[in-house]
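Numbering (the numbering used here), first residue to last: 228 to 612. No residue lacks a Cβ here, since even glycine has one placed at the ideal position from N, Cα and C. Please read all numbers here as calculations on a predicted model, not as lab measurements. All remarks here apply to the structure that follows.
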């Protein structure tokens with residue numbers, strides 16, 4: 228920031244800063260005053276005196292105009308990446324005089340975009356102005372900011388005055404959740420490695436009632452494989468099977484290796500994959516859980532979304548102990564794939580800074596190796612290999 232800009236900013240936030248026309252008017256006043264001294268003409272003294280009086284009034288009134296104004300912010304509802312934040316503020320005039328020509332600026336974090344401005348023509352005495360704006364989001368995160376700036380040059384527009392109000396805000400942007408119609412990583416969890424699953428599956432095949440608990444109307448997002456077509460044809464609407472939950476293999480644990488120093492784009496892709504797998508498992512009525520280095524084992528839709536919104540790569544681990552049961556491991560570190568519990572699955576993002584040999588690993592379990600050039604949604608729905 229240049230020295231002139233810094234001085235102007237300091238003057239504007241602590242006193243007043245002359246606008247361009249303020250400097251011009253000051254130049255005229257000094258010219259008239261200089262002419263009055265040279266010519267000793269009384270009318271020039273009068274004009275210069277009036278000019279200086281107007282300058283003093285124009286310098287004092289903006290700061291007074293910003294007094295008696297309070298700002299209240301309403302809570303910001305969480306949104307998913309790509310949606311718009313709904314931000315709502317109330318600016319109240321507590322004084323007995325109207326407040327005119329105000330410029331309000333919400334100083335949102337730079338990663339969200341440029342500060343948002345609103346011009347208010349007038350606020351009547353003891354009245355409230357409600358300002359609602361919608362701001363686009365591009366990436367997940369938990370964003371916090373604390374200040375709203377009020378700026379005015381009323382009444383003459385010769386001097387700018389700016390003051391801050393402490394109005395804390397927290398905006399949570401959830402990661403994108405892909406709409407998966409199938410996911411073999413979840414659907415086939417435990418089928419190959421768990422003998423208990425095989426015995427239960429063979430018992431359930433002998434009688435459908437052991438597997439299907441009840442039928443309910445179809446809800447958007449339910450996997451097509453759960454539709455009971457015979458009953459749907461009878462009722463004239465789609466009916467979906469509710470399955471009995473097996474406690475061994477039907478409690479998928481999605482583990483995000485957030486302690487590792489990922490590449491940025493790959494980590495964002497992994498967060499999207501974790502959210503999508505969790506909610507796919509939830510739609511299948513499985514008791515899914517999420518594990519990250521910072522949070523440990525958690526569950527619950529809102530808790531999981533907030534954890535995935537705030538998670539960062541290479542974060543400090545609050546626990547180093549992975550659950551000792553089959554899990555779905557999302558990582559960019561090939562070395563960790565060798566130590567997973569039996570029956571686990573993996574999703575691996577090859578690092579672009581490592582050689583092909585460093586990215587290679589012995590594939591003794593099922594999973595996905597993600598290709599960044601292909602659609603993540605299609606890859607999560609592809610057959611296991």
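- Closest by C-alpha distance to residue 289, out of 601, 243 and 280, is 243.
- One alpha carbon belongs to residue 326, the other to residue 443, and they sit about 59 Å apart.
- When the Cα atoms are used, residue 607 and residue 500 turn out to be separated by approximately 8 Å.
- Residue state for residue 495 is assigned as helix, using DSSP reduced to three classes.
- Each residue's CA atom was taken as its position, placing residue 484 and residue 371 some 25 Å apart.
- Its Cα nearest to that of residue 249, the residue 387 stands out among 276, 515, 299 and 387.
- Annotated three-state conformation of residue 354 is coil, per DSSP.
- With respect to the C-alpha of residue 336, the residue from 399, 462, 539 and 516 having the closest C-alpha is 399.
- In the structure shown, residue 517 adopts extended strand secondary structure according to DSSP, grouped into three states.
- For residue 258, the uninterrupted alpha helix (DSSP H) segment begins and ends at 247-266.
- If you draw a straight line from the Cα of residue 276 to the Cα of residue 283, it comes to about 11 Å.
- Residues 298, 300, 316, 331, 332, 333, 334, 391, 392 and 394 of the same chain have their beta carbon placed closer than 8 Å to that of residue 375, with the five preceding and five following residues left out of the count.
- Distance between residue 525 and residue 578, taken at the CA atoms: about 28 Å.
- Secondary structure of residue 363 (DSSP, three-state): strand.
- Assignment of residue 594 by DSSP, reduced to helix, strand and coil, places it in the strand class.
- Closest in C-alpha terms to residue 600, from the list 593, 576 and 612, comes 576.
- Close CB contacts of residue 545 within its chain, under the 8 Å cut and outside five residues either way in sequence, are with 520, 521, 522 and 523 (chain order).
- In the displayed model, residue 490 falls within coil according to three-state DSSP, outside both helix and strand.
- Residue state for residue 414 is assigned as helix, using DSSP reduced to three classes.
- Residue state for residue 606 is assigned as helix, using DSSP reduced to three classes.
- For residue 367 against residue 536, the beta-carbon gap comes to about 5 Å, under 8 Å, which counts as contact.
- Under DSSP, residue 311 shares a beta bridge with 363.
- About 26 Å separates the beta carbon of residue 360 from that of residue 404, a gap too long to meet the 8 Å contact definition.
- For residue 449, same chain residues with a beta-carbon under 8 Å away, outside a window of 5 residues either side, are 467 and 510 in chain order.
- Between residue 350 and residue 320, the gap from beta carbon to beta carbon is short of 8 Å.
- Contact check for residue 252 against residue 278 passes: the beta carbons are separated by less than 8 Å.
- Looking at the DSSP output, residue 467 shares a beta bridge with 443 and 454.
- A direct Cα-to-Cα measurement between residue 254 and residue 342 gives close to 33 Å.
- Comparing alpha carbon positions, the residue from 557, 410, 518 and 447 closest to residue 495 is 557.
- Inclusion of residue 515 and residue 505 in the CB contact set at 8 Å is warranted, their separation being smaller than that value.
- Ranked by Cα distance from residue 531, the options 401, 411 and 308 are led by 401.
- When the Cα atoms are used, residue 480 and residue 365 turn out to be separated by approximately 28 Å.
- Taking all protein chains in view, the Cβ of residue 464 is surrounded by fewer than 16 other Cβ atoms within 10 Å, so the residue is classified as exposed.
- Distance from the CA atom of residue 458 to the CA atom of residue 346, rounded to whole angstroms, is 60 Å.
- Look at residue 368 here: in three-state DSSP terms it is strand.
- Relative to the Cα of residue 295, the nearest Cα in the group 478, 322, 233 and 416 belongs to 322.
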